[in-house]
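Enquirer:
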Amino acid sequence: GEEKAYDAFMERSRAFYEAVIEEGLGARPFTWRELWRFLPKALRLGALRSAYSFARQYFRDERLRFVFSFHPLFIGGNPFLSPAVYQMIPYLEKVGGVWYAYGGMHAVAEALARLFQELGGILRLNTEAKSIIVKNGKAVAVQTEAGDIPADIVVSNADFLHTYTRLLPEPYRLSTFRVRTLQYSMSAFLLYLGLRRTYPEKLPHHTIALGPRYRGLVRDIFHRRIVPEDFSLYLHAPTRTEPGMAPAGGESLYVLSPVANLQSGVQWDALSSSYEERILTFLEKKLGLEGLRDAIVVKERFTPEDFLHQRNCTYGAAWGPQPVLWQTAVLRPSNRSRRLPNLFLVGAGTHPGAGVPGVLLSAKATEKALTAAYPLPRPVAVQA
């Protein structure tokens with residue numbers, strides 16, 4: 005039955021995991037040579053078919069097909085288009101578990117900042133980068149609102165398209181045709197809620213609340229680009245693991261609803277309040293969070309418009325270019341710019357892709373590309 009199907013599915017997923025994680029394909033720049041080397045294996049494993057099609061090979065029950073194919077949504081992808089190589093995620097969760105950083109994701113950012121400073125780095129916070137200054141075919145400085153910062157090498161962790169359509173001068177920008185022909189990830193509608201009560205029996209640390217449709221909802225988000233009447237939600241209640249994330253007796257709750265990016269033309273300034281009300285009604289009536297509205301002490305919302313204006317995400321696409329086959333691996337934006345030899349890129353828009361693991365792997369890939377092009381001097385032993 006389905007138990008044997010699960011074992012077979014995981015065994016095949018393990019092969020993807022070994023290629024991307026253990027063999028390091030996600031942690032180094034992906035070249036055409038590596039693509040040709042990996043292609044026979046990818047074809048043999050069925051890595052080029054869609055994530056959903058891959059799951060359908062193994063499971064008869066449509067609910068199980070959903071459970072084992074929705075993971076591309078975690079990185080802004082369409083499960084019916086994203087290649088099956090992303091099916092390594094279920095295996096990654098199985099062998100590695102799901103971890104929580106005490107203090108939340110902000111604590112991870114702070115830890116990385118401390119390490120950067122310990123290694124001699126200087127952080128200039130709340131200082132907007134206006135442009136990358138180019139002379140004689142090289143990036144020579146970053147212009148900020150506080151003045152220019154000279155640079156031998158520039159690494160941009162801004163949205164890939166923001167770098168290539170806003171920060172670089174005109175001759176080095178992407179063409180309008182290229183911008184329009186890229187396929188972009190979905191966006192998200194987020195609610196951050198601080199509650200004066202807890203829901204320990206209703207809210208585990210992670211909850212995925214499914215709507216009545218799967219394929220139809222994905223089609224509405226990625227193809228029709230509309231805001232349908234139904235939705236699915238991801239809920240994160242960190243206080244279940246770390247009570248200190250809220251005052252005593254309270255709960256902090258993060259709610260994510262996948263929605264179409266701003267290519268949809270949806271006016272979120274007008275729609276946000278009513279969409280929020282629909283979500284709160286769903287949480288109270290369908291998920292059983294009785295009295296949720298009355299329990300809200302602090303509330304913030306973040307819409308696709310905020311992803312555009314506050315995070316510089318093109319079209320409010322929260323995960324950058326969509327992880328479809330023709331925007332994966334060597335076909336994804338390179339970690340080293342092909343336009344300027346000393347410009348490097350890192351983050352969700354580059355290889356290997358979006359999501360926290362993907363972004364951290366992209367940092368490794370960019371580091372390898374940078375040190376290959378500009379080798380660091382060997383450390384010199386100094387006798388005391």
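Numbering (the numbering used here), first residue to last: 5 to 388. Don't be surprised by glycine CBs; every beta carbon is placed ideally from N, CA and C. Remember, it's a predicted structure, so these values are computed and weren't measured experimentally.
Quick one, are the C-beta atoms of residue 190 and residue 362 less than 7 Å apart?
Expert: Translated into positions along the sequence shown, residue 190 becomes position 186. Translated into positions along the sequence shown, residue 362 becomes position 358. Cβ atoms of residue 190 and residue 362: not closer than 7 Å.
Enquirer: Quick check: the Cα distance between residue 352 and residue 359, rounded to an integer number of angstroms?
Expert: Your numbering for residue 352 matches position 348 in the sequence shown. Your numbering for residue 359 matches position 355 in the sequence shown. Residue 352 and residue 359: Cα-Cα distance of roughly 7 Å.
Enquirer: Scan the segment 65 to 101 and note each continuous alpha helix (DSSP H) run of 4 residues or more that stays entirely inside, going in chain order.
Expert: 66 to 71, 92 to 100, all fully within the segment 65 to 101.
Enquirer: Tell me the start and end of each unbroken beta strand (DSSP E) in the segment 300 to 388 that is at least 3 residues and wholly inside, in chain order.
Expert: Runs of the beta strand (DSSP E) inside the segment 300 to 388: 300 to 306, 347 to 349.
Enquirer: Ends of the beta strand (DSSP E) at residue 211?
Expert: By 1-based counting over the sequence shown, the position of residue 211 is 207. From DSSP, the beta strand (DSSP E) with residue 211 extends over 210 to 213.
Enquirer: Using the three-state DSSP reduction, which class does residue 147 fall into: helix, strand or coil?
Expert: The count along the sequence shown starts at 1 and reaches residue 147 at position 143. Three-state result, residue 147: strand.
Enquirer: Between the C-alpha atoms of residue 293 and residue 199, what's the straight-line distance to the nearest angstrom?
Expert: The residue given as residue 293 occupies position 289 in the sequence shown. The residue given as residue 199 occupies position 195 in the sequence shown. Cα to Cα, residue 293 sits roughly 11 Å from residue 199.
Enquirer: Quick check on the DSSP output: the beta strand (DSSP E) that includes residue 262 runs from which residue to which?
Expert: Sequence index remark: in the sequence shown, residue 262 carries index 258 (1-based). Segment 255 to 263, the beta strand (DSSP E) holding residue 262.
Enquirer: Taking 8 Å as the threshold, find out whether the segment 326 to 343 comes into contact with the segment 214 to 221 through three or more Cβ pairs.
Expert: They do not touch, by the three-pair rule.
Enquirer: Decide if residue 130 is buried, meaning its Cβ has at least 16 other Cβ atoms within 10 Å, or exposed.
Expert: Looking up residue 130 in the sequence shown gives position 126. So residue 130 counts as exposed.
Enquirer: Determine the burial state of residue 36: buried for a count of at least 16 other Cβ atoms within 10 Å of its Cβ, exposed for fewer.
Expert: Taking the sequence shown and counting its residues from 1, one reaches residue 36 at position 32. Flag for residue 36 reads exposed.
Enquirer: Residue 121 and residue 134 look like a contact to me (Cβ under 8 Å); what is the Cβ gap, rounded to whole Å?
Expert: As a working mapping, residue 121 is identified with position 117 in the sequence shown. As a working mapping, residue 134 is identified with position 130 in the sequence shown. Actually they do not touch by this definition, with Cβ atoms about 24 Å apart.
Enquirer: Check whether the segment 98 to 106 and the segment 60 to 67 are in contact - that is, three or more C-beta pairs closer than 8 Å.
Expert: Output reads no: the segment 60 to 67 does not touch the segment 98 to 106.
Enquirer: Can you tell which of 94, 220, 244 has the C-alpha that lies nearest to the C-alpha of residue 104?
Expert: For this step, residue 104 is matched to residue 100 along the sequence shown. Per the Cα distances, 244.
Enquirer: Do residue 207 and residue 238 come within 7 Å of each other at the CB atom, strictly closer than that value?
Expert: In the sequence shown, the residue the question calls residue 238 occupies position 234. In the sequence shown, the residue the question calls residue 207 occupies position 203. Not a contact, by the Cβ cut-off of 7 Å.
Enquirer: Between which two residues does the alpha helix (DSSP H) containing residue 193 stretch?
Expert: Within the sequence shown, the letter at position 189 stands for residue 193. Here residue 193 belongs to no alpha helix (DSSP H); instead the beta strand (DSSP E) covers 191 to 199.
Enquirer: Please specify which runs of the alpha helix (DSSP H), each continuous and at least 4 residues long, are wholly inside the segment 109 to 176, giving them in chain order.
Expert: Within the segment 109 to 176, the complete alpha helix (DSSP H) runs of at least 4 residues are 109 to 122.
Enquirer: Do residue 229 and residue 264 have their C-beta atoms within less than 7 Å of each other?
Expert: In the sequence shown, counting from the first residue as 1, residue 229 sits at position 225. In the sequence shown, counting from the first residue as 1, residue 264 sits at position 260. Yes, the Cβ-Cβ distance between residue 229 and residue 264 is below 7 Å.
Enquirer: In whole angstroms, what is the alpha-carbon distance linking residue 272 and residue 15?
Expert: Taking the first residue of the sequence shown as position 1, residue 272 is located at position 268. Taking the first residue of the sequence shown as position 1, residue 15 is located at position 11. Taking the straight line joining both Cα atoms gives about 43 Å.
Enquirer: Should residue 209 and residue 241 be called a contact, given that it needs their Cβ atoms to be closer than 7 Å?
Expert: Taking the first residue of the sequence shown as 1, we reach residue 209 at position 205. Taking the first residue of the sequence shown as 1, we reach residue 241 at position 237. Contact: yes.
Enquirer: What separation, rounded to the nearest whole angstrom, lies between the Cα atoms of residue 150 and residue 142?
Expert: Your numbering for residue 150 matches position 146 in the sequence shown. Your numbering for residue 142 matches position 138 in the sequence shown. Roughly 22 Å separates the two Cα atoms.
Enquirer: Checking 7 Å against the spacing of the C-beta atoms, do residue 83 and residue 106 come in under that value?
Expert: Reading the sequence shown from its first residue, position 79 is the one you call residue 83. Reading the sequence shown from its first residue, position 102 is the one you call residue 106. Cβ atoms of residue 83 and residue 106: not closer than 7 Å.
Enquirer: Can you pull the DSSP bridge partners for residue 237?
Expert: Mapped onto the sequence shown, residue 237 falls at position 233. Note: residue 237 sits in a beta bridge opposite 213.
Enquirer: In angstroms with no decimal places, state the Cα-to-Cα distance between residue 13 and residue 49.
Expert: Translated into the one-based positions of the sequence shown, residue 13 becomes position 9. Translated into the one-based positions of the sequence shown, residue 49 becomes position 45. Near 11 Å, if we compare the C-alpha coordinates of residue 49 and residue 13.
Enquirer: What residue from 77, 137, 334, 11 has the CA that sits closest to residue 192's CA?
Expert: On the sequence shown, position 188 is the one that residue 192 refers to. The shortest C-alpha separation from residue 192 is found at 77.
Enquirer: Looking at the structure shown, is residue 104 part of a helix, part of a strand, or coil, going by DSSP?
Expert: By one-based count along the sequence shown, residue 104 stands at place 100. Of the three classes helix, strand and coil, the one that applies to residue 104 here is coil, per DSSP.
Enquirer: Leaving aside the five residues before and after residue 167 along the sequence, list all residues of the same chain whose C-beta is less than 6 Å from its C-beta, in chain order.
Expert: Stepping through the sequence shown from its first residue, residue 167 is reached at position 163. These residues qualify, in order along the chain: 160.
Enquirer: Look at the Cβ atom of residue 373, then the Cβ atom of residue 339, and state whether they are nearer than 7 Å.
Expert: For the purposes of this step, residue 373 is taken as the residue at position 369 of the sequence shown. For the purposes of this step, residue 339 is taken as the residue at position 335 of the sequence shown. Their beta carbons are under 7 Å apart, which means residue 373 touches residue 339 by this criterion.
Enquirer: Going by DSSP, what residues sit across from residue 188 in a beta bridge?
Expert: Here residue 188 refers to the residue found at position 184 of the sequence shown. For residue 188, which the question treats as bridged, DSSP gives the partners 325.
Enquirer: For residue 255, collect the residues of the same chain with a Cβ closer than 6 Å to its Cβ; drop the 5 residues on either side in sequence, then sort them by chain order.
Expert: One-based indexing of the sequence shown puts residue 255 at position 251. Correct list, in chain order: 199, 202, 243.
Enquirer: Going by DSSP in three states, residue 277 sits in which element: helix, strand or coil?
Expert: On the sequence shown, position 273 is the one that residue 277 refers to. Correct three-state label for residue 277: helix.
Enquirer: Quick one: Cα of residue 196 to Cα of residue 113, how far?
Expert: Working through the sequence shown from its first residue, we reach residue 196 at position 192. Working through the sequence shown from its first residue, we reach residue 113 at position 109. Straight-line Cα distance between these residues: approximately 19 Å.
Enquirer: Quick check on the burial criterion: 16 or more other C-beta atoms within 10 angstroms. Buried or exposed for residue 336?
Expert: Residue 336 sits at position 332 when you count from the first residue of the sequence shown. Burial call: buried.
Enquirer: Please classify residue 179: does DSSP put it in a helix, a strand, or coil?
Expert: Taking the first residue of the sequence shown as position 1, residue 179 is located at position 175. Coil at residue 179, not helix or strand.
Enquirer: Out of 381, 378, 380, 354, state which residue places its alpha-carbon closest to the alpha-carbon of residue 32.
Expert: If you number the sequence shown from 1, residue 32 lands on position 28. Comparing Cα-Cα distances from residue 32 to each of 381, 378, 380, 354, the minimum goes to 354.
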